[in-house]
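In the working numbering, the protein residues as written are 3 to 1191. We put the beta carbon where it would ideally sit given N, CA and C, even for glycine. Below is one structure; the comments refer to it alone.
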């Protein structure tokens, strides 16, 4: 049994509460004020080269500020660059590369200026850089030869990316390299082996660089290790040997440092960043690394060890972290140390950042800008973006180092001041405006708020206010005259009253009064004090046998005016109340306790304002004689539907819904979804109302006025959702005036003389009463005419007889029989548009290249647009080609230039052509009149690729090429260029270039050898240059298979040699002569030494195979058993028929009618005979042929 401490969220809320009290007083936005930068890009802004560039700058002020930029300290003229635009009502720059361009051209330092008539605010200097992910240089890496036990460093040397890439090591097959205290990656990306073992040869090692913006991984060529060892057997059992190194014959060595080298080094780190110290040592056995700080301990709250203790990281470094650190590397052979001297420097950081200064006329004030750093930063003041020294003199202003003092301030002193403090490590820039206002006090929060708080808690009563001079604020309780401050009360600068510990007598009405010389304002807050929720009888720890019943008590005392909810947690998760459990207001009963019920149970008693927790642990004793639970083996299913829905605690705006859970079907219920249906607006349609955890079977539902509710519940487990429960009885809430108005109010013209007002109708839960209708009001903007109004039951209203495209103020208010909704917001709409009356004038065309032109025009006057100017549009068409007899399509095309701009670029034109162009202005209705038709001619360009490039190979000696002229010559063709190269596998020959006349479309090439294939690249040429190329390859030989590397090398090294071709021809001739002699002898009745399987079986002493294969070898020049030697030297078998069956593959021999043999000759040779009878085998020409093959 234990009472739980408050959850962490309570402490976080207290911290946020205290931080919020320190906020400075802000000027309401409806009052005049200088600009304030509210959003800007980071100082070092790295962008993805594949995306458009966005440099953010947003500011507020009254009047709204205008924006301009500098680039590299010079004015950046956005209007001169068609790729650059600025977002509407913002200073954010957008650089668009969809129409081309290189992002690198826009690198530099940018600064945003936000200006209105009261001053100018500056952004930070934003350094724009384009992300770079250069390719890894190609290199051939020789195998790394190293003696077992020696140290080794594999260097990565990644390409310098921006930002720096993330380095990791893998094998070439993308398997991660296992790292431990012996093998690990250093911070510089190198892979260090404290000692190399034979097992390290089992993989290769490739350094990989992952680039952040492009999300690409580049892989370096892999290192291959060759480990020289005294024990070549890589016995895996030795890896866990207690003395692995001596077991493998590796000499033990004392540690030595691989990185950093030597006995001492130094390192500089900036305050607020992380300090990373690294020591990597070699030695046998692998050394252990320990870290120490001279003269003190390591900062335990900030120090952590990484990379198997080889690295020490200290986060958020401060000046006290400077000093000498040393790492100690030790093994059983000895130890060494390396000392690192750490110096902490600091970029500027604020001690006292300047704050906005709000003064009344005649008041005094000061701006303070204090910063620290190492080295000490310098302070420079500016006003409205200009150095203070060059600003007009102001007798009311005095500069004293890091402080500006204002005396007897006047309206003319309004400005924005900048403080820039910098040293060699960075800078800080702060804006602070001086605003001179004469404003009586005003309250900024809703009136008569109700605050409810629990007894003995801390609370805060807010009273935001504003005035100039800054009002003094006082708090009073129950109208009494004494000011509340001190003791149990504390008033903060922003007007909040803190009561440190609430007591019963603190309940009452609190009044805050803000006063200055121009008047006063007050507001009231009503405070109610409630009794805390307390569990006075807590659940107790219990031990129960399986199958018994357990009851956990939880009796609660709470404030009767607050609604209490008691729930249970099991192992800190919501408890599912199944059929074996019963939850009552003061207890939880578990019937038939099972082993899965063991765990901690927490009773949670909560109200809207507080909660109390109490925990107990249930231990379940297993009964060995009891069979295991059969439910665990049962299949899981969706839960059964909840039943017996009941509505209780009926209130004006809420109701309690209770239900009985259905069977969970062996899968605990995780959630309940409560749905409702109403019978007025959408009868029969069910909507989700709320969702509750599976441990809940009763919930209070918040309701809307004048809705005839009906509820149902759906249970959910991991398998799925149950069928919906049967509906509850209906409950109608009482009516009330609407509390909201329709959303998405718009006013748009559908014709040139009307305006259609539309909105999203309110649903049943926001109608709040019968006869929902809408009061629509409209009037022309800035005419101060009276409001026109109409009552509408639908969702649209059309205003007729309107002028063309004028702004209207529109309001739509909801109303029912109980009254009207709140005052609606005013929306600006526009009446219908008409076609523009004017065309762009003075259209100028400048040819950029063969496919693009630049356009410039005079913009039309706004009153001639007669609507919202959507874009300027250019219509252009290709009139003819400068090439004779070339048909061209005269289809009209268009290029759009959104917004009110005076220039644009038209691209994707055809070169060497005559074009015509007209321009129009476009609004929401359509195109305006067309401008004067302009003509222009595009210069010659490079041609498109030749068409239908065919490569044919009629024989092994020649290759025929054919092609057709390019579809788009784009100029006068002066010829074709053919490049071709022979290749054999991965081996390439020398490239040959042929140039042809423009009329030639065929070429026959004589092959240099019959083995290689050819790759052809063909392009057409004009005077401008070569155009797009088309590539084809010569056909592969029909029997060509995919060669291996060895086969390819063999082809290149042997098959193309002349001596090899001659030898093959000689062997083929010899075989032909032998066959002719054999057939001649056969026709003369000659006999051959052939064994017949059927007649002469192999004897037990015959070592040959049982298939009766023919044998040409003569062992020790002796005839075979049962054979005799003929006069011509052949071996004949006695009493044998002439047969050639054994030349075939086990089948009967076949003969034509003339006695010639049909079949396939085969010769089989045992390995032992081949090795033992090389001299006799050489006497057989057939064997000689097969040995060569």
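According to DSSP, is residue 932 helix, strand or coil? coil
Alpha carbons only, please: which of 517, 440, 501 is nearest the one belonging to residue 2? No information on residue 2 is available, as it lies outside the stretch 3 to 1191 that the chain covers here.
Separation of residue 158 from residue 983, as counted between CA atoms: 36 Å
Smallest Cα separation from residue 864: which of 892, 808, 217? 808
In the DSSP assignment, find the beta strand (DSSP E) that holds residue 656 and state where it starts and stops. 656 to 662
What are the complete beta strand (DSSP E) segments, minimum 3 residues, inside the segment 881 to 905? 895 to 900
Report the rounded CA-to-CA distance for residue 24 versus residue 517, giving the unit in angstroms. Bear in mind that a pLDDT of 44 at residue 24, under 50, signals an unreliable position, so the model cannot answer this.
Expected contact under 8 Å - CB spacing of residue 811 and residue 780 to nearest Å: 7 Å
For the structure I just gave you, are there three or more beta carbon pairs, one from the segment 601 to 611 and one from the segment 722 to 736, closer than 8 Å? no
Kindly identify the DSSP beta-bridge partner or partners of residue 716. 675
Range of the contiguous alpha helix (DSSP H) that encloses residue 248: Looking at the DSSP string, the run of the alpha helix (DSSP H) that includes residue 248 is 246 to 249.
I want to know whether the segment 902 to 912 touches the segment 866 to 885 - three or more CB-CB distances under 8 Å. With a cut-off of 8 Å, the segment 866 to 885 and the segment 902 to 912 count as touching, because enough Cβ pairs lie within range.
Neighbourhood of residue 721 by C-beta distance below 7 Å, restricted to the same chain and skipping five residues each side: 638, 639, 640, 669
Mind checking residue 77: buried by the 16 CB within 10 Å criterion, or exposed? Exposed: under 16 other Cβ atoms inside 10 Å.
Quick check: the Cα distance between residue 498 and residue 462, rounded to an integer number of angstroms? The C-alpha of residue 498 lies about 6 Å from the C-alpha of residue 462.
Length of the line joining the Cα atoms of residue 701 and residue 713: 12 Å
Per DSSP, residue 451 is paired with what? 527
Identify, in the order they occur along the chain, each residue of the same chain with its Cβ nearer than 8 Å to the Cβ of residue 64, setting aside the five sequence neighbours on each side. 31, 32, 33, 34, 35, 118
Could you work out which residue in 67, 95, 773 is closest to residue 79 when comparing CA atoms only? 95
If you run the structure through DSSP and keep just helix, strand and coil, what is residue 337? strand
Consult DSSP for residue 746 and reduce its assignment to one of helix, strand or coil. Here residue 746 sits in strand by DSSP.
Let's see if you can read the secondary structure: which residues bound the beta strand (DSSP E) around residue 513? 510 to 518
Stretch-stretch touch, CB-based, cutoff 8 Å, three pairs: the segment 586 to 598 with the segment 535 to 555: Counting Cβ pairs under 8 Å, three or more are found: they touch.
In whole angstroms, give me the CA-to-CA distance for residue 985 and residue 309. 49 Å
Can residue 349 and residue 444 be called in contact, C-beta distance under 7 Å? no
Decide if residue 74 is buried, meaning its Cβ has at least 16 other Cβ atoms within 10 Å, or exposed. It counts as exposed.
Beta-carbon proximity list for residue 947, same chain, < 6 Å, skipping 5 on both sides: Counting only Cβ-Cβ distances below 6 Å, and skipping sequence neighbours, we find 1030, 1032.
Please say whether residue 578 and residue 602 have beta carbons closer to each other than 7 Å? no
Nearest candidate by alpha-carbon position, reference residue 887, set 974, 664, 929: 974
Kindly indicate which three-state DSSP category residue 914 falls into: helix, strand or coil? Three-state DSSP puts residue 914 in coil, outside helix and strand.
Which term fits residue 855, buried or exposed, when burial requires 16 or more other beta carbons within 10 angstroms of its beta carbon? With 16 or more Cβ atoms within 10 Å of its Cβ, residue 855 is classed as buried.
Beta-carbon contacts of residue 754 that lie in its chain and below 6 Å, excluding the five residues immediately before and after: 806, 834, 836
Residue range of the unbroken alpha helix (DSSP H) whose run includes residue 81: Element bounds for residue 81: n/a, residue is neither H nor E.
Check whether residue 532 and residue 561 have beta carbons under 7 Å apart: yes
I'd like to know if the segment 400 to 411 and the segment 324 to 341 are in contact, where contact means that at least 3 CB-CB pairs between them fall below 8 Å. Flag = no, the segment 400 to 411 and the segment 324 to 341 do not touch.
Sub-7 Å separation of residue 422 and residue 382 beta-carbons: yes
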